[in-house]
Structure formats: C-alpha cells, structure tokens
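**Q** According to the working numbering, the sequence shown is numbered sequentially starting from 2. Glycine included, C-beta positions come from ideal geometry on N, C-alpha and C. Below is a structure I'd like to ask you about.
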Amino acid sequence: MNETITMYQGERKGGEAPEFLTKAEGDKVRAFHKSLSEYEQTPLVSLDSMAKKLGVGGIYVKDESKRFGLKAFKALGASYAIHCLLEEDAGEAGDMFCAEAVSDEGGTVHPAFPGGKGKVFVTATDGNHGKGVAWSAYKAGGRAFVFMPKGSRQCRVDAIAAIGETKVTVTDWNYDDTVRYAYQFARENGYYFVQDTGFDGYTRIPNLIAQGYMTMAQEALEQMEAAGAGLPTHVFLQAGVGTMAGGVLGYFVNVLGEKCPKAAIIEADESACVMASAKAGERVAIGGNPQTVMAGLNCGEVNLCIWPILKDFASFYVSCPDWVTELGMKSYAHPEGSDAPVVSGESGAVGLGLIMSLCTKPEYAEYRKAMGLDKSARILMFSTEGDTDPEHYAQVVKNA
C-alpha cells in the first residue's frame, strides 16, 4: 500500500458551466430542504489557530455531522431526488413545501413526498448514501432495499437497518459491482432506483442528487460572508464517485464565475479513479477490492454525469493514504489553541489532514507552492461525516 500523498495538477480548462447546478436551481433545492422539520443550517467552524499555525489566511470547515441527525450530508441529495420522483409521478407541479401531516397509521408523512406511502426505493452504498435513502423513504411513508459491498462495517449496516422497514444486504462484490446489482434488482421488481452515480442510460437521478448537495455549498458561502471572511480562494472536496465534489464545484462555477475557488479533488489512494481519469483524459475504472478506512470514498468509477465538471473545472487531484485522514480526525478532535472541536469521521477528515501535511512536511513543499497555500489562502472544506463508525473513531482519536 502506498504511504505517500500524490498530486496531479489539472488544466482547469473551464468551459460551459453546468446548467443543472445554477443559483436558481440551488434556491429551489434549498426551499425544499427548509420544508423538512429536521432542517437546520449546519455550522461553519473557523479554525483560526490552525490557520495561524500552518501559515494560511483561514480554514473554514462545514460540519456536516449535524445534518438531519444522521451524522452525514448525504440525505441532502437522496431526499431531494425522492421528492422530485414522487412529485412527478403524482403529477404535482411545484410547491409542496408545507408542514408535515399525520398519516393514517399515526406516523408522519411529509407532503413534499406526495404518493410515497408504500413505495419502495433501492440503492447501493458504502454507508452514508444508503442511510440517506432509507431516511428519506421512511419520511415518504415507503421503505428501502439497501445493498452494501463486501467488507462493510457492521455498525454501518446496523445504522441503516434501524431506519423504518429497511432491508440491508451485504454482497460479495466491490462497490461498483454492487451498484450494478442493485440497479438490476430495482428494474426486475419495478422499484425506484436512487443512486448517486450515473452511467449509460441512468443520469437524471444522479443529477438530482448532485443538485441536493448545492444546499451545503449555498449555506457555506452565506456563512463565510456573514463572518466577514469573504469568498474562499480554495475548496477541498472529497470524491468517491465524485457527485458531492461535482455538485459543489458546479454550483461555485455558476455562482462565482471568475471568482470560483481553486478546487482540489481528494481521494483515497487505493481507489483514486478521478485522478486516474484526469491523467488519462477520460474516465478510468479502478477494479478489484480496494482497502481503505475511508469507506465513503472507496469507489472505483467516476459518475458519468459529473466527470465533465471535475475534468474541466478542478485545479488539483490528490490521492491520500489512510494516515492522512487519521491525522485529520485526531486534529479535529483535539484542536489547536482556541479552535472548536469537530467530530469528523474517516471520509470527512481527510481534507484537514492533507492541509496539515502539505504545510508542515518538507517533502510536500512543492505541492503547497503549486496550490498557493499561503497567507492569502482562505480554504473551505466539508467535513462530510461524523463518527459513523464509532468504535474506529474512538480508537483513532484517543491515540492523538
């Protein structure tokens, strides 16, 4: 296993901004999320002491461990996609955003999920997306079948299975093959397939999910402005299949134009399909059964719909071994100086570990220089999950 951080500098060619990730679409998505009783804007944490130590202008972290009580951001995309699917099937046109209604069984079914009662949704997941689909299906009055790849941690399986009538199956395959199986299962049974990655013949729902992620990008810009921090100069975005990274970056491209921050796409080194694709100039798949603690990033094929955004608008592609995210987890849990602690899990903390490594380890000085991580840099990151594997999280952070 490689123990070295690797960076590839992209061309950032630019081009036509993605039409489905505009401010107008973002406002529509945000209105939907605000209609949910669980909606609260997640915190933006400023790591002032860490920024000073590393010699950068600012480090701003969106803490998605507090999203909807699910410890991760993924339900932003799943809920919006399911809302749109059900609304279309019900023949509704638009604004279903009102208070939750009591169902015949005494539970709550949100009217933004029209006709969802009894509907069945299918997905494949490394953990957080499946939890988001199960939660959204439950809110809609339906249920979910969730398929997980070989090696999935039992705690993640149990967390999903605990939601409503969700049925969880761990397969004998890697993530990408599990996606293919889930797709066939949904088609054969006439169920809704709600997947956060696109492929030939399946693009619209992944785009809806990417749109859902615009809410946290919109929140972050508003929070930075309110704090007097200005706009970010850099944004560090984790990628598995790349849907979150593309959704956020595409929104920034549309809203900020020439002021769009330099984007670094961060992956687990064993499954760095975005970097491999960037180097090749076309989508490249990473096969086999890659091993990493960053379960949410352990995906070997880039989302077909999102690939053009990552190819044309990202500035850097970085692959990280597991020690990088473990450094980030420890540093969030035991912060520098007066900085507030953040509970950040394996797929959430890699950005902080990367910045710390680039700014403190001499062997990465050229990477730091290329990225422009100096006193003028205002770096935005998304801690995309909390302690979704509580046992491993506790083991890592206690050894800080």
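How do the stretch 67 to 79 and the stretch 376 to 391 stand: do at least 3 beta-carbon pairs fall below 8 Å, yes or no?
**A** yes
**Q** In the DSSP assignment, find the unbroken beta strand (DSSP E) run with Ser-384 in it and report its ends.
**A** As a working mapping, residue 384 is identified with position 383 in the sequence shown. Run containing Ser-384: 379 to 384, per the beta strand (DSSP E) assignment.
**Q** Is it buried or exposed for Pro-291, if we count other Cβ within 10 angstroms and need 16 for buried?
**A** If you number the sequence shown from 1, residue 291 lands on position 290. Burial call: buried.
**Q** Between Ile-83 and Ser-137, how many whole angstroms is the CB-CB distance? I'm expecting something under 8 Å.
**A** Indexing the sequence shown from 1 puts residue 83 at position 82. Indexing the sequence shown from 1 puts residue 137 at position 136. Going by Cβ atoms, the distance from Ile-83 to Ser-137 rounds to 5 Å, so yes, they are a contact pair.
**Q** Can you tell me the Cβ-Cβ gap for Leu-22 and Asn-255, rounded? I've got them flagged as a contact below 8 Å.
**A** Residue numbering aside, residue 22 sits at position 21 when the sequence shown is read from its first letter. Residue numbering aside, residue 255 sits at position 254 when the sequence shown is read from its first letter. So it is a contact: roughly 6 Å between Cβ atoms.
**Q** Under 8 Å between C-beta atoms, does Asp-375 make it to chain B?
**A** Any reference to chain B falls outside this structure, which holds one protein chain only.
**Q** Can you tell me which of the three DSSP states Thr-7 falls into?
**A** In the sequence shown, counting from the first residue as 1, residue 7 sits at position 6. Three-state DSSP puts Thr-7 in a strand.
**Q** Find out if the Cβ-Cβ distance for the pair Ala-281, Tyr-318 is shorter than 8 Å.
**A** Sequence index remark: in the sequence shown, residue 281 carries index 280 (1-based). Sequence index remark: in the sequence shown, residue 318 carries index 317 (1-based). Cβ distance not < 8 Å, so Ala-281 and Tyr-318 don't count as in contact.
**Q** Taking all protein chains shown into account, do 16 or more other C-beta atoms lie within 10 angstroms of the C-beta of Lys-24, making it buried, or fewer, making it exposed?
**A** Working through the sequence shown from its first residue, we reach residue 24 at position 23. Lys-24 should be labelled exposed.
**Q** Using the three-state DSSP reduction, which class does Gln-224 fall into: helix, strand or coil?
**A** Within the sequence shown, residue 224 is the residue found at index 223, counting from 1. In this structure, Gln-224 counts as helix in the three-state DSSP scheme.
**Q** Look at the Cβ atom of Val-30, then the Cβ atom of Met-330, and state whether they are nearer than 8 Å.
**A** Start at 1 with the first residue of the sequence shown, and residue 30 comes out as number 29. Start at 1 with the first residue of the sequence shown, and residue 330 comes out as number 329. Not closer than 8 Å, so no.
**Q** Per DSSP, what kind of secondary structure is Leu-77 in: helix, strand or coil?
**A** As a working note, residue 77 is residue 76 in the sequence shown. Assigned with DSSP and collapsed to three states, Leu-77 falls in helix.
**Q** Considering only DSSP beta bridges, list what Lys-263 is partnered with.
**A** In the sequence shown, the residue the question calls residue 263 occupies position 262. Answer by DSSP bridge pairing, in chain order: His-235.
**Q** Just mark Asp-390 as buried or exposed, buried being the case when its beta carbon has 16 or more other beta carbons within 10 Å.
**A** Residue numbering aside, residue 390 sits at position 389 when the sequence shown is read from its first letter. Buried is the call here.
**Q** Can Leu-86 and Tyr-193 be called in contact, C-beta distance under 8 Å?
**A** The residue labelled residue 86 in the question sits at position 85 within the sequence shown. The residue labelled residue 193 in the question sits at position 192 within the sequence shown. Their beta carbons are under 8 Å apart, which means Leu-86 touches Tyr-193 by this criterion.
**Q** Residues in the same chain with beta-carbon distance under 8 Å from Thr-172, minus the five sequence neighbours each way, listed in chain order, please.
**A** In the sequence shown, the residue the question calls residue 172 occupies position 171. Correct list, in chain order: Phe-148, Met-149, Pro-150, Lys-151, Asp-178, Thr-179 and Tyr-182.
**Q** If I measure Cβ to Cβ from Thr-361 and keep anything under 8 Å in the same chain, skipping five residues before and after, which residues do I get?
**A** As a working note, residue 361 is residue 360 in the sequence shown. Leu-55.
**Q** Does the separation of the CB atoms of Ile-267 and Phe-314 fall below 8 Å?
**A** As a position in the sequence shown, residue 267 is number 266, starting the count at 1. As a position in the sequence shown, residue 314 is number 313, starting the count at 1. Contact: no.
**Q** Can you tell me whether Lys-168 is helix, strand or coil according to DSSP?
**A** Your numbering for residue 168 matches position 167 in the sequence shown. Residue state for Lys-168 is assigned as strand, using DSSP reduced to three classes.
**Q** Report the option in Asn-190, Glu-220 and Ala-264 whose CA atom is closest to the CA atom of Glu-65.
**A** Sequence index remark: in the sequence shown, residue 65 carries index 64 (1-based). That would be Glu-220, whose Cα lies nearest to the Cα of Glu-65.
**Q** From Ser-80 to Glu-364, what does the alpha carbon distance come to, in whole angstroms?
**A** As a working mapping, residue 80 is identified with position 79 in the sequence shown. As a working mapping, residue 364 is identified with position 363 in the sequence shown. Cα to Cα, the separation comes out at about 43 Å.
**Q** My output table needs one value for Ala-218: the three-state DSSP class, helix, strand or coil.
**A** Position 217 of the sequence shown holds residue 218. It is helical.
**Q** Quick check on the DSSP output: the alpha helix (DSSP H) that includes Met-276 runs from which residue to which?
**A** Reading the sequence shown from its first residue, position 275 is the one you call residue 276. Per DSSP, Met-276 belongs to the alpha helix (DSSP H) from 274 to 281.
**Q** Can you name, in chain order, every residue of its own chain whose Cβ lies under 6 Å from the Cβ of Gln-42, other than the five neighbours on each side?
**A** Counting from one through the sequence shown, the residue named residue 42 turns up at place 41. Within its own chain, the residues whose Cβ lies closer than 6 Å to the Cβ of Gln-42, once the five positions on either side in sequence are excluded, are Glu-220, listed in chain order.
**Q** So, Leu-328 versus Met-357, is the Cβ gap smaller than 8 Å?
**A** Numbered from 1 along the sequence shown, position 327 holds the residue referred to as residue 328. Numbered from 1 along the sequence shown, position 356 holds the residue referred to as residue 357. Yes, the pair counts as a contact, with Cβ atoms nearer than the cut-off.
**Q** Below 8 Å, can you find three or more Cβ-Cβ pairs linking the stretch 298 to 310 to the stretch 243 to 250?
**A** Taking a cut-off of 8 Å for Cβ pairs, the stretch 298 to 310 and the stretch 243 to 250 touch, as three or more such pairs fall below it.
**Q** Buried or exposed: Pro-1, going by 16 or more other Cβ atoms within 10 Å of its Cβ?
**A** Residue 1 cannot be examined here, being either before or after the span of the chain that is shown, 2 to 401.
**Q** Considering only the beta carbon of each residue, do Ala-296 and Val-398 sit closer than 8 Å?
**A** On the sequence shown, residue 296 is found 295 positions in, with the first residue counted as 1. On the sequence shown, residue 398 is found 397 positions in, with the first residue counted as 1. Their beta carbons are not under 8 Å apart, which means Ala-296 does not touch Val-398 by this criterion.
**Q** CB Thr-293 to CB Asp-340, shorter than 8 Å?
**A** By 1-based counting over the sequence shown, the position of residue 293 is 292. By 1-based counting over the sequence shown, the position of residue 340 is 339. Contact flag unset, no.
**Q** Count the other C-beta atoms from every protein chain shown that fall within 10 angstroms of the C-beta of Leu-355, then say buried if there are 16 or more, exposed otherwise.
**A** Position 354 of the sequence shown, counted from the start, is the residue given in the question as residue 355. By the neighbour-count rule (16 or more Cβ atoms within 10 Å), Leu-355 is buried.
**Q** Quick one: residues in its chain with C-beta nearer than 6 Å to the C-beta of Trp-308, no 5 flanking neighbours on either side, listed in chain order?
**A** Residue mapping note: residue 308 aligns to position 307 of the sequence shown, counting from 1. For Trp-308, where only same-chain residues beyond five positions count, the Cβ hits under 6 Å are Arg-284.
**Q** Using DSSP with H/G/I as helix, E/B as strand and the rest coil, what is Ala-141?
**A** Start at 1 with the first residue of the sequence shown, and residue 141 comes out as number 140. Here Ala-141 sits in coil by DSSP.
**Q** Quick check on DSSP: helix, strand or coil for Tyr-203?
**A** If you number the sequence shown from 1, residue 203 lands on position 202. Assignment of Tyr-203 by DSSP, reduced to helix, strand and coil, places it in the strand class.
**Q** Using beta-carbon positions only, say whether Gly-338 and Ser-50 come within less than 8 Å of one another.
**A** Position 337 of the sequence shown, counted from the first residue, corresponds to residue 338. Position 49 of the sequence shown, counted from the first residue, corresponds to residue 50. Against a cut-off of 8 Å, the Cβ pair of Ser-50 and Gly-338 comes out as a contact.
**Q** Write down the C-beta distance between Gly-243 and Leu-311 rounded to the nearest angstrom, noting that I regard them as a contact closer than 8 Å.
**A** Position 242 of the sequence shown, counted from the start, is the residue given in the question as residue 243. Position 310 of the sequence shown, counted from the start, is the residue given in the question as residue 311. Yes, Gly-243 and Leu-311 are in contact; Cβ-Cβ is about 5 Å, under 8 Å.
**Q** Alpha carbon to alpha carbon, how far is His-235 from Pro-262? Give it in angstroms, no decimals.
**A** Locating residue 262 in the sequence shown gives position 261, where the first residue counts as 1. Locating residue 235 in the sequence shown gives position 234, where the first residue counts as 1. If you take the alpha carbons of Pro-262 and His-235, they lie about 5 Å apart.
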